[in-house]
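Each residue of the sequence shown is one higher than the one before, counting from 90 in the numbering used here. Ideal placement from N, C-alpha and C gives every residue a C-beta, glycine not left out. Everything on this sheet refers to the single structure shown next.
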Amino acid sequence: MHATAFVPTHPRTVLPGLVLAAAIAVLALLLGRCLPLIGGPVFGMVLGLLVRSVLAPDARFVSGIAFASTTVLQASIIALGFGLSLDQVVATGMRSLSVTVVTLSVAFFSAWLLGRWLGVHDKLKILVGVGTAICGASAIAAVTPIIQPDEHDTAYAISTIFLFNIVAVLLFPLLGHLMHMGDLGFGLWAGTAINDTSSVVAAGYSFSKAAGDYATIVKLTRATLIIPVCLLLALVAAVRARRQRRLDGSASQFSLLRIFPWFILWFLVASALRTAGLIPAAIQPDLHLAAEFLIVVALAAIGLSANLRRMIASGPRPILLGLGVWIAVATSSLLVQVITRQL
Numbered sequence: 090m091h092a093t094a095f096v097p098t099h100p101r102t103v104l105p106g107l108v109l110a111a112a113i114a115v116l117a118l119l120l121g122r123c124l125p126l127i128g129g130p131v132f133g134m135v136l137g138l139l140v141r142s143v144l145a146p147d148a149r150f151v152s153g154i155a156f157a158s159t160t161v162l163q164a165s166i167i168a169l170g171f172g173l174s175l176d177q178v179v180a181t182g183m184r185s186l187s188v189t190v191v192t193l194s195v196a197f198f199s200a201w202l203l204g205r206w207l208g209v210h211d212k213l214k215i216l217v218g219v220g221t222a223i224c225g226a227s228a229i230a231a232v233t234p235i236i237q238p239d240e241h242d243t244a245y246a247i248s249t250i251f252l253f254n255i256v257a258v259l260l261f262p263l264l265g266h267l268m269h270m271g272d273l274g275f276g277l278w279a280g281t282a283i284n285d286t287s288s289v290v291a292a293g294y295s296f297s298k299a300a301g302d303y304a305t306i307v308k309l310t311r312a313t314l315i316i317p318v319c320l321l322l323a324l325v326a327a328v329r330a331r332r333q334r335r336l337d338g339s340a341s342q343f344s345l346l347r348i349f350p351w352f353i354l355w356f357l358v359a360s361a362l363r364t365a366g367l368i369p370a371a372i373q374p375d376l377h378l379a380a381e382f383l384i385v386v387a388l389a390a391i392g393l394s395a396n397l398r399r400m401i402a403s404g405p406r407p408i409l410l411g412l413g414v415w416i417a418v419a420t421s422s423l424l425v426q427v428i429t430r431q432l
């Protein structure tokens, strides 16, 4: 999910893909009601992947699918804010901060160490590390204009991150139940150890509503760390690339306004309205149902966007790097919870 929402050129270009994602979402929600252990969000992503692999929707659907996987997802997160008090958001963010900082550090260190051992070059290590540490594809998109990798490297990193997002959505809820984790413990684990916001939401709400609410807040807190990380990378890139920029005449394209995840601010506004008592209690269940539907629509669109062949063709080294960093982050999150007695 990118920080900047997709803006379609014309509503007609959006409709086919959006209707397809919505139709898949309806089926996914029905299946999720029948099999609540898996849940509608997981079914949405899996069905989207199956439709993409079997039917391969043509160019008519591209704009609507992109719209659903960005703007609709951001709208779903904002809608979730109407059901969460601001006090709860602040308390959760502060409670998860220690785990978030540790997992962020582990992600970058393991990416550097394992990447060096595998022979992966620096820019790809940064992309995989940032994507795993913060917020998946959106973090990769944010740092791309700063470190200026080849498009091939960006595709490698996004494909690798997305692969483990799918694995996490399917595996984490099952592991959580096997380990007899509580709602808050699982929400903290999912929010700090799963890459993309969509996957955190899918895994969290597949476990329970309380876990999903908690994981969402933790993930949004974690996503704000993209700002200092990008500022640091921009400073390093500016120092290292000064001579090169003089030669080719290019300039840094880093923009804090461009990378800032504005939907987080709107999420906080929605939460503030809920805290102030401006959202009637009678409509809160309907708002949550609408948010759940929008989430599943977005996840179906993300599944429709995936290219499994490209992920397989990316080769083993970035996948091994992503696997190692992902395991390190997931394990460190659990260990910190055990040490701080939050599990």
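8 Å contact criterion, which residue i and residue j should meet: CB distance rounded
i, j, result
"ILE113", "THR286", "The Cβ separation is near 19 Å, so there is no contact."
"GLY172", "LEU383", "That pair is no contact at about 13 Å."
"PRO105", "GLY153", "5 Å"
"ALA312", "CYS224", "5 Å"
"THR221", "TRP415", "6 Å"
Residue closest to residue i, alpha-carbon to alpha-carbon, out of the options
i, options, result
"LEU324", "ILE306, LEU277, ILE235, GLY274", "ILE235"
"ALA390", "ALA145, LEU124, ARG101, LYS298", "ALA145"
"ALA387", "MET134, PRO105, ARG101, ASP302", "MET134"
"GLY129", "ALA304, LEU259, VAL358", "LEU259"
"ALA43", "ASP147, ILE306, VAL115, TRP415", "For the chain, the structure presents residues 90 to 432; residue 43 sits outside this window and is missing."
"ILE255", "PHE132, GLY106, SER297, LEU423", "PHE132"
"GLY170", "GLY411, SER360, PRO105", "SER360"
"ASP242", "THR313, LEU136, HIS210, LEU423", "HIS210"
Cα-Cα separation, residue i to residue j
i, j, result
"TRP355", "LYS212", "32 Å"
"VAL179", "VAL425", "20 Å"
"SER421", "MET268", "16 Å"
"ALA365", "ALA228", "32 Å"
"VAL289", "LEU203", "25 Å"
"ALA200", "ILE368", "44 Å"
"ASN284", "LEU378", "24 Å"
"LEU119", "THR233", "39 Å"
"VAL151", "VAL103", "8 Å"
"ALA117", "LYS308", "24 Å"
"ARG122", "ILE315", "35 Å"
"PHE352", "PHE261", "26 Å"
"VAL427", "VAL190", "16 Å"
"ARG205", "PHE198", "11 Å"
"THR429", "ALA299", "21 Å"
"THR181", "SER187", "11 Å"
"SER295", "VAL161", "19 Å"
"ASP239", "MET183", "37 Å"
"PRO407", "ARG141", "23 Å"
"LEU393", "ALA155", "9 Å"
"SER297", "ASP272", "7 Å"
"VAL108", "PRO374", "24 Å"
"PHE95", "ASP302", "A caution first: PHE95 carries a pLDDT of 43, below 50, which makes its placement in the model too unreliable to give a value."
"LEU139", "LEU175", "39 Å"
"SER194", "LEU320", "16 Å"
Residue-chain proximity (residue i, chain B), Cβ-Cβ < 8 Å
i, result
"PHE296", "Structure shown: chain B not included; a single protein chain is present."
Counting pairs of Cβ atoms below 8 Å between the region 243-253 and the region 265-282, do you hit three or more?
no
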